[in-house]
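**Q** For reference, the structure I am asking about is given below.
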Amino acid sequence: MKRILVDYMLRLSYYDTAMKLAESNNLQDLVDIDVFHEAKKVIDALQKKEVAPALAWCAENKSKLKKSKQSMAIGVVLLSNSIEPIEH
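In the working numbering, each residue's number is its place in the sequence shown (first place is 1) plus 131.
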């Protein structure tokens, strides 16, 4: 049950609380805290209109994206192109 709670907190961006709960119950190996932490970095950067971390993530996970048939890289590039004119 606590593992589900940790996962739920991670999905809601309560990273510190989720990490403390995972550590206090020895659940670190059972939850993907690193995955959520990496996602948080990308999300934070996108909110600041910085696309480089998202593009780097897409490049690092290219094979996984191909398997899941996602076109996140295309979306990030389109977002990047739409942000540039706004900045100038």
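A virtual CB, placed ideally from N, CA and C, is assigned to each residue, including glycine.
Three Cβ pairs or more, each shorter than 8 Å: is that satisfied between the segment 166 to 179 and the segment 139 to 154?
**A** Output reads yes: the segment 139 to 154 touches the segment 166 to 179.
**Q** Taking only the alpha-carbon atoms, compute the straight-line gap between Glu191 and Asp163 and give it to the nearest angstrom.
**A** Rounded to the nearest angstrom, the two C-alpha atoms are 17 Å apart.
**Q** By how many angstroms is the C-alpha of Lys180 removed from the C-alpha of Cys189?
**A** Their Cα atoms are separated by approximately 16 Å.
**Q** Run through DSSP, which three-state label would Glu154 get?
**A** In this structure, Glu154 counts as helix in the three-state DSSP scheme.
**Q** Where Pro184 and Ile135 are concerned, what is the direct C-alpha to C-alpha distance, given to the nearest angstrom?
**A** If I take the Cα positions, the gap works out to 28 Å.
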